[in-house]
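A.B. asks: These protein sequences, in sequence, are chains A and B.
All residue numbers for the first sequence refer to our numbering, where the first residue is 135 and numbers rise by one.
All residue numbers for the second sequence refer to our numbering, where the first residue is 135 and numbers rise by one.
Protein chains: 2
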Amino acid sequence: MNTPIRVVIADDHQLMLDGLKQGLNSLPDIRVVGTAVDGSTLGDVVASTEPDVLLVDVEMPGMSGISAISRLDDLPPTIVVTMHTAEAYGKSAREAGAVAFLSKALPLPDLAAAIRAVADGQHLFDRDLDQALADYRTPRLSTRAETITERERDVLRCLVQGISGTEDLADELYISQKTVKNHLASIYEKLSVNDRAQAVVEAMKLGLDRKW
Amino acid sequence: MNTPIRVVIADDHQLMLDGLKQGLNSLPDIRVVGTAVDGSTLGDVVASTEPDVLLVDVEMPGMSGISAISRLDDLPPTIVVTMHTAEAYGKSAREAGAVAFLSKALPLPDLAAAIRAVADGQHLFDRDLDQALADYRTPRLSTRAETITERERDVLRCLVQGISGTEDLADELYISQKTVKNHLASIYEKLSVNDRAQAVVEAMKLGLDRKW
DNA sequence: CCAGGAATAGGTCGGTAGACCCATAAAGCA
DNA sequence: TGCTTTATGGGTCTACCGACCTATTCCTGG
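(1) Any chance you could list the alpha helix (DSSP H) runs of at least 4 consecutive residues sitting entirely within the stretch 302-342 of chain A, in chain order?
(2) Of the residues that make up the stretch 312-338 of chain B, which ones have a beta carbon closer than 9 Å to any beta carbon in chain A?
(3) Quick one: which unbroken alpha helix (DSSP H) runs of 4-plus residues sit fully inside the stretch 246-273 of chain B? Chain order, please.
(4) Check each residue of the stretch 281-312 of chain B: if its Cβ is closer than 7 Å to any Cβ of chain A, include it; give the result in chain order.
(5) Which residues, in chain order, does the stretch 238-250 of chain A contribute to contact with chain B at a C-beta distance below 9 Å?
(6) Kindly list, in the order they appear in chain A, the residues whose Cβ is closer than 9 Å to that of B:G173.
(7) Tell me, which residues are paired with B:I297 by DSSP?
(8) Under a Cβ-count criterion, where at least 16 other Cβ atoms within 10 Å of its own Cβ denotes burial, should A:Q148 be classed as buried or exposed?
(9) For B:A268, which option in B:E284, B:A279, B:L245 has the closest C-alpha, if you only look at C-alpha atoms?
(10) Helix, strand or coil: how does DSSP classify B:L242 here?
(11) Give me, in chain order, the residues of the same chain whose beta-carbon lies closer than 7 Å to that of B:L350; leave out the 5 immediate sequence neighbours on both sides.
(12) Is there contact between the stretch 305-322 of chain B and the stretch 286-297 of chain B, where contact requires at least three CB pairs shorter than 8 Å?
(13) With DSSP run on the structure shown, which of helix, strand or coil describes B:A170?
(14) Quick one, which of A:E229, A:V192, A:V187 has its alpha-carbon nearest A:A212's?
(15) Run the CB neighbour count on A:Q265, radius 10 Å, all protein chains shown included, and call it buried at 16 or more, exposed below.
(16) Look up B:T212 in the DSSP assignment and give the residues it is bridged to.
(17) Do you know how far the Cα of A:V179 is from the Cα of B:V215?
(18) Under a CB-based cut-off of 8 Å, is A:H147 close to chain B?
(19) Using alpha carbons as the reference points, say which of B:D152, B:M217, B:A227, B:L189 lies closest to B:S204.
(20) Using DSSP with H/G/I as helix, E/B as strand and the rest coil, what is A:S204?
(21) What residues are listed by DSSP as bridge partners for A:A234?
(22) In or out: A:M338 buried (at least 16 other Cβ within 10 Å) or exposed?
(23) Which residues in the same chain as B:L75 place their Cβ atom closer than 7 Å to its Cβ, once the five residues preceding and following it in sequence are excluded?
(24) Since B:A144 is in the beta strand (DSSP E), which residue starts that stretch and which ends it?
(25) Kindly indicate which residue of A:L206, A:L240, A:V294 has the alpha-carbon position closest to the one of A:A230.
(26) Going by beta-carbon coordinates alone, are B:V334 and B:V294 separated by less than 8 Å?
(27) For B:G153, return the contacting residues in chain A, with the cut-off set at a CB-CB distance below 7 Å.
(28) Check the Cβ of A:S160 against every Cβ in chain B and list those closer than 7 Å, keeping chain order.
(29) Please say whether B:L258 and B:L240 have beta carbons closer to each other than 8 Å?
(30) Taking the alpha helix (DSSP H) that A:L154 belongs to, which residues open and close that run?
(31) Rounded to the nearest angstrom, what separates B:I139 and B:R271 at their Cα positions?
In structure tokens, the structure reads:
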């Protein structure tokens, strides 16, 4: 599997932190490896986890996100988010070393796309976001998993829905039991597993139950 | 399964909305059935989904959370959350019909506990939160799933980690293959499934892989 | 003290899953 | 045109899984 993008997020609201963490971790290619609720602990977390991408809220008590990141020597590609649509902080965010500046009004998939974009070396400021993010909308899956075909996905989807018997799968997909077994064999090979139970685990990990 | 608590959440920040939705849906006993990004659409969403609990942010553009809920005739048990620790809105939230007033500084498990508490008829204002939420910390699972024993959970945990073969499970848990089969049989009965693949699906649905 | 549940383990047996071989029709692409 | 992939299907065989029944030990609650 392509190694997931390791992300650290900082926000003074624990609720936001927990929510974002859940949301981002639900994507197959992004892993939240650390969180911080204020600017002072952010440095330690970044130093110990060495994330690929840093995500910070501008509004933080004590030390603002901006000043917090400006005093990090080894700043990873950093996205600054704000509650306000205002561009007021944009300039200072850039000066502090951020490579992207976004609003919290964005939906989560867009944030995910932005994370992939900056992990890829892109900068996201004023420019048209929709266009800049276009290439990063779909999660980067492992090369093996990407070769999963239409019909094989049908089988996986059934598995995840709790249809696991060969006969049940055959009935559900209107194919012979033999074909089901063939598809399963292909799936096992592509996901590097060797039975239905492990296939379910992998499918869920990769998010094959949600997307497509 | 005990029917999950149906929740509608309103927040002007899409990111918060998506994050909370993910976080809450990851719990086995809470289901987010609707969301609203502003006060004006909130009414329609509540009317069409009829949630058990409503969760609204005070700070919303156009119409504040407070005024939005005060003009709903048929208000479900409602939790008002705020970014600020300030109690300023507390009184007006109560007057508008809310039964709880919380800070966004709370961690997600506490919010979940609060949701369970208000769904259960509790009111959560000034009082000591920790104590008020104590009874609602653990997710309410289905009665069958709650009888899953320690050792059976070990087996499930292994399954979810991709250890599915009888021999592998036996080695991992230092028990005989026969005992593994016994535990599996109990699990199947308690989760109403009939093989390892379905057990994995159920375990993940119930969140048995995360908790305990 | 005894009943009951949990964890451990043994046996048998039918059914099925997974591995390995193969074939054919259709579709996409060079 | 032919090569490759995909979807469909067949057969065989071994190993394994799941269902059913029993048993022992330990611990906890009444």
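Using N, Cα and C, we set each Cβ at its ideal position, and we do this for glycine too.
C.D. replies: The answer reads as follows:
(1) With a minimum length of 4 residues, the continuous alpha helix (DSSP H) runs that stay inside the stretch 302-342 of chain A are 311-325, 330-340.
(2) Listed by position along the chain: V327, N328, D329, R330, A331, Q332, A333, V334, V335, E336, M338.
(3) List check, alpha helix (DSSP H) in window: 263-267.
(4) Among the residues of the stretch 281-312 of chain B, those with a Cβ less than 7 Å away from any Cβ of chain A are L293, V294, G296, S298, in the order of the chain.
(5) Residues passing the 9 Å Cβ filter: K238, A239, L240, P241, L242, P243, D244, L245.
(6) Within the second sequence, numbered from 1, the residue matching residue 173 of chain B stands at position 39. Within chain A, no C-beta atom comes less than 9 Å from the C-beta of B:G173; the nearest is roughly 15 Å away.
(7) Residue 297 of chain B sits at position 163 when you count from the first residue of the second sequence. In the DSSP assignment, no residue is bridged to B:I297.
(8) Counting from one through the first sequence, the residue named residue 148 of chain A turns up at place 14. Taking all protein chains in view, the Cβ of A:Q148 is crowded by 16 or more other Cβ atoms within 10 Å, so the residue is classified as buried.
(9) Here residue 268 of chain B corresponds to residue number 134 of the second sequence, with the count starting at 1. When each option's Cα is compared against that of B:A268, the closest is B:L245.
(10) Mapped onto the second sequence, residue 242 of chain B falls at position 108. DSSP places B:L242 in the helix class (H, G or I) of the three-state scheme.
(11) Residue 350 of chain B is absent from the model: chain B starts at 135 and stops at 346.
(12) Yes: the two stretches touch, three or more of their Cβ pairs being nearer than 8 Å.
(13) Position 36 of the second sequence, counted from the start, is the residue given in the question as residue 170 of chain B. In the structure shown, B:A170 sits in a strand (DSSP, three-state: E or B).
(14) Translated into the one-based positions of the first sequence, residue 212 of chain A becomes position 78. It is Thr, not Ala, that sits at residue 212 of chain A in the sequence shown. It is A:V187 whose Cα lies nearest to the Cα of A:T212.
(15) On the first sequence, residue 265 of chain A is found 131 positions in, with the first residue counted as 1. Label assigned to A:Q265: exposed.
(16) Residue 212 of chain B sits at position 78 when you count from the first residue of the second sequence. DSSP lists B:L188 as partners of B:T212.
(17) By one-based count along the second sequence, residue 215 of chain B stands at place 81. By one-based count along the first sequence, residue 179 of chain A stands at place 45. The C-alpha of B:V215 lies about 28 Å from the C-alpha of A:V179.
(18) For this step, residue 147 of chain A is matched to residue 13 along the first sequence. Among the CB atoms of chain B, one or more fall inside 8 Å of the CB of A:H147.
(19) The residue you call residue 204 of chain B lines up with position 70 of the second sequence. When only C-alpha atoms are compared, the closest one is B:A227.
(20) Along the first sequence, one-based indexing puts residue 204 of chain A at 70. Here A:S204 sits in helix by DSSP.
(21) For this step, residue 234 of chain A is matched to residue 100 along the first sequence. Answer by DSSP bridge pairing, in chain order: A:I213, A:L258.
(22) Locating residue 338 of chain A in the first sequence gives position 204, where the first residue counts as 1. Flag for A:M338 reads buried.
(23) Here chain B comprises residues numbered 135 to 346, so residue 75 of chain B is not present and cannot be evaluated.
(24) The residue you call residue 144 of chain B lines up with position 10 of the second sequence. Note, B:A144: beta strand (DSSP E), 139-144.
(25) Position 96 of the first sequence, counted from the start, is the residue given in the question as residue 230 of chain A. Ranking A:L206, A:L240, A:V294 by Cα distance to A:A230 puts A:L206 first.
(26) Locating residue 334 of chain B in the second sequence gives position 200, where the first residue counts as 1. Locating residue 294 of chain B in the second sequence gives position 160, where the first residue counts as 1. Result yes, Cβ atoms of B:V334 and B:V294 sit closer than 8 Å.
(27) Your numbering for residue 153 of chain B matches position 19 in the second sequence. Listed along the chain, the chain A residues whose CB falls inside 7 Å of the CB of B:G153 are M150, G153, L154, Q156, G157, L242.
(28) By 1-based counting over the first sequence, the position of residue 160 of chain A is 26. Under a criterion of Cβ atoms nearer than 7 Å, the residues of chain B adjacent to A:S160 are, in order, Q156.
(29) As a position in the second sequence, residue 240 of chain B is number 106, starting the count at 1. As a position in the second sequence, residue 258 of chain B is number 124, starting the count at 1. No. Outside cutoff.
(30) Along the first sequence, read from residue 1 onward, the residue named residue 154 of chain A stands at position 20. Annotation for A:L154: the continuous alpha helix (DSSP H) segment containing it runs 148-159.
(31) Numbered from 1 along the second sequence, position 5 holds the residue referred to as residue 139 of chain B. Numbered from 1 along the second sequence, position 137 holds the residue referred to as residue 271 of chain B. The straight-line gap from Cα to Cα measures roughly 14 Å.
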